[in-house]
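So the structure is just underneath, and the comments pick up after that.
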Amino acid sequence: MKTNLSFTNPAEVETDCLAVVVLDRGDKDKADVFADSADNAVNEATKDVIASGEVAAKPLETTLIHKPAGLKAKRLLLLGGGKASKFSAFDLRKLAGAAVRSLKGRGLRSFAIAVPQSLKADEAVRAAVEGAFVGNFDPDYYKSDRKDQKIDALTVVASGDPSNLQKAMDEARIVGESQNFVRDLVNEPSNRMTPTILGDRAKKMAQEVGLQCEVYGADKIKELKMGAFWSVAQGSDEPPALIILKYEPAGAPEKPVLGLVGKGVTFDTGGISIKPADGMEKMKYDMAGGATMIGAMRAIALLKPKVKITAIICATENMPSGKAQKPGDVQIAMSGKSIEIINTDAEGRLVLADGLHYAKQLGCTHLIDAATLTGAVVVALGYVNAGIFANDDKMYERFKNALDKAGEKMWRMPLDEEYKDIIKSNIADIMNSGGRYGGAVTAAMFLKEFAEDTPWIHLDIAGTAWMEDNKPWIAKGPSGIALRSLVEFARSFNE
Ligand code: BES
Ligand code: MN
Ligand code: ZN
């Protein structure tokens, strides 16, 4: 999708459709709807339909008007933004996605969106572009009659400092494209996204944007004594991949070094502790954390913050076989800690244990991991918030800032020492499963044993990496969650 900025009055923009936000500044007894635009002609053009009472400005409500009087646009799309007092860039991001999804479905290929007057122009440009990219993705890759309906060109109509707004647009486009790059990877089924293919895609991307990339196989994993990672990989005929991406810009200080560690389980059958058949097909998205880190590195390479960043993706299938590990087995992680395997389906924490340890060994001073780690986080937070766990309040606060700017939803969960008792083992240092209760927390406690004293954040995206339904602003399928926050965090990491 091409993106361009226009500083013309919205009414003067020649386009197939002009999208404008409408808000409600009334109280709860009586709506008072208005177009959030400084352009009088736009206000005039919306007056009649608003006066009719048909437009309530409810969140995500869309109204399409043909041949709007006084505007050069062929159509006018009113985007309901809800209460004026609460409207923010977070909402605009969704509205831009909703505009894309509603217009591309009608066969339109280009449109313009007017930046609402009530928002800061650069934040609004950013949100509109990011949201439009999110809305432009569809997962129907393998349909023979795939129409591949997409918006090809988006114009953002704004006023303000041109170079500042152009920068906002260029950066947002990098972020939006990178988020869709992640969704591309996650959308592929496991027969088309093996660990090897994931490694190839990382290499290809690295070459395109100028990152260092190494992809190692089983030999290196064994040589590094990654006994936890290997214990998962050993059961599969499909070779595992240890993917390392490095971003080391000239002029960056030696420290800090941010480590991004991703769970790249390209299919999770559960292993010998096999999962029920119902819904197992969805376990192709168990590499979403890894894909997110690859996509984040893409955006980082293009945005060029002055800070060193290393990404480690532990990619493998989790399969039952004659070679697969069994419940009761004891494995020695790279850090030297011994792990009693209680449930072979708790494999994500195993691959991450070695990924986190290796990141520290490579010099990372701060760690973030992302993983579709537990069903329990879905029980706790549903599909709305991802779970955040942090062993360092300062790092959490900084991440929270990035989260708010990026417009993503995550909720902090506890890591009290008391939970550690639940994963104590009789035979080894630690068990890989603490059972159902507090399952998301005990999984995080397990990871904490490998992050140790290094400031670390764990993102459990099991409930948020996959949209269960079509939404007005995003298609059912891979969401690309956490990419925007990670990139935002990385960009401000050195400040
Ligand atoms: N990949 C799953 C977690 C998951 C569940 C991701 C639902 C996406 C949607 C993970 O490897 C897993 O199987 N976790 C187990 C852990 C348990 C055996 C301790 C779980 O959550 O049931
Ligand atoms: Mn599992
Ligand atoms: Zn898994």
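Its first residue numbered 14, the sequence shown is counted upward by one per residue in this note's numbering.
Just so you know, even glycine gets a beta-carbon here, dropped at the ideal spot from N, CA and C.
Please read these numbers as outputs of a predicted model, since none were measured by experiment.
The alpha helix (DSSP H) enclosing Tyr409, as first and last residue numbers = Membership of Tyr409 in the alpha helix (DSSP H) is indicated by the continuous run Asp406 to Ala419.
Out of Ser446, Val270 and Ser334, point me to the one whose CA is closest to Phe502's CA.
-> Val270
Candidates Tyr229, Glu465, Ile443 and Gly335, of which the one nearest Asp377 by Cα | Here residue 377 turns out to be Cys, not Asp, going by the sequence shown. Of the candidates Tyr229, Glu465, Ile443 and Gly335, the residue whose Cα lies closest to the Cα of Cys377 is Glu465.
C-alpha distance - Gln247 paired with Gln338, whole-angstrom precision | 7 Å
Arg88: buried (16+ other C-beta within 10 angstroms of its C-beta) or exposed?
-> buried
How many angstroms separate the CA atom of Lys238 from the CA atom of Ser492?
-> 34 Å
Where the alpha helix (DSSP H) containing Trp486 begins and where it ends | Neither: Trp486 is in no alpha helix (DSSP H) and is coded neither H nor E.
Taking C-alpha atoms, which residue in Ser65, Ile63 and Ala69 lies nearest to Asp42?
-> Here the closest residue by C-alpha is Ala69.
Taking the alpha-carbon positions, what's the Gln130 to Ala141 distance?
-> 13 Å
Assuming Ile257 and Ala383 form a contact by the criterion Cβ under 8 Å, report the distance between their Cβ atoms to the nearest whole angstrom.
-> The pair is not a contact, with the Cβ atoms about 16 Å apart (cut-off 8 Å).
Once you ignore the five residues that flank Ser101 on each side, which residues in its own chain have a CB closer than 8 Å to its CB?
-> Leu132
Looking at C-alpha atoms only, which residue of Glu136, Leu36, Lys407 and Met480 is the closest neighbour of Ser98?
-> Leu36
Start and end residues, alpha helix (DSSP H) containing Met310 = Ala301 to Leu316
What residues does ligand 1 have around it, judged by CB closer than 5 Å to any heavy atom, in chain order?
-> Qualifying residues come out as Asp281, Asp299, Asn356, Asp358, Ala359, Gly361, Thr385, Thr387, Gly388, Ser446 and Ala475.
Contact between the stretch 159 to 169 and the stretch 194 to 212 (3+ Cβ pairs under 8 Å) = no
Is it the case that the Cβ atoms of Val343 and Ile352 are separated by a distance below 8 Å?
-> yes
Glu136 to Val397, Cα distance in whole Å?
-> 23 Å
Any non-hydrogen atom of ligand 3 within 7 Å of Asp278 CB | Here residue 278 is Val; the residue named in the question, Asp, does not match the sequence. Yes; taking the cut-off as 7 Å, the Cβ of Val278 has a heavy atom of ligand 3 nearer than that.
Same chain, Cβ closer than 7 Å to Leu394, five either side skipped, listed in chain order = Gly400, Trp424 and Gly476
In the DSSP assignment, find the beta strand (DSSP E) that holds Asn330 and state where it starts and stops.
-> In the sequence as displayed, the identity of residue 330 is Glu instead of Asn. Residues Lys321 to Asn331.
Buried/exposed call for Ser115, threshold 16 Cβ in 10 Å | buried
Nearest-angstrom Cα distance between Thr305 and Gly275?
-> 7 Å
Can you list the beta strand (DSSP E) stretches of 3 or more residues lying completely in the stretch 220 to 258, in chain order?
-> Correct list: 225 to 229.
Would you check whether ligand 2 has a heavy atom nearer than 7 Å to the C-beta of Gly173?
-> no
Pull up the distance between the alpha-carbon of Lys295 and that of Gln192, whole angstroms please.
-> Across the structure, Lys295 and Gln192 are spaced so that their CA atoms are roughly 20 Å apart.
DSSP three-state assignment for Val363, whether helix, strand or coil = Rather than Val, the amino acid found at residue 363 in this sequence is Leu. Of the three classes helix, strand and coil, the one that applies to Leu363 here is helix, per DSSP.
Confirm the yes/no value for this check: CB of Asn331, any heavy atom of ligand 3, distance under 7 Å.
-> yes
Keeping to the same chain, check which residues put their C-beta closer than 6 Å to that of Leu375; ignore five residues upstream and five downstream.
-> Contacts found: Thr323.
If you follow the beta strand (DSSP E) that Leu31 is part of, which residue opens it and which one closes it?
-> Leu31 to Asp37
By how many angstroms is the C-alpha of Ala478 removed from the C-alpha of Ala82?
-> Going from the Cα of Ala82 to the Cα of Ala478 covers about 43 Å.
Alpha-carbon spacing of Val147 relative to Ala441, whole angstroms = Distance between Val147 and Ala441, taken at the CA atoms: about 45 Å.
Take every Cβ of the stretch 179 to 188, pair it with every Cβ of the stretch 271 to 290, and state whether three or more of those distances are shorter than 8 Å.
-> no
Which residue from Met426, Gly447 and Leu31 puts its Cα closest to that of Asp434?
-> Here the closest residue by C-alpha is Gly447.
Of the listed residues Asp52, Leu369 and Ala254, nearest to Tyr229 (C-alpha basis) = Ala254
Contact check, Arg159 vs Val222, beta carbons under 8 Å | no
Counted within 10 angstroms of its Cβ, other Cβ atoms place His370 as buried (16 or more) or exposed = buried
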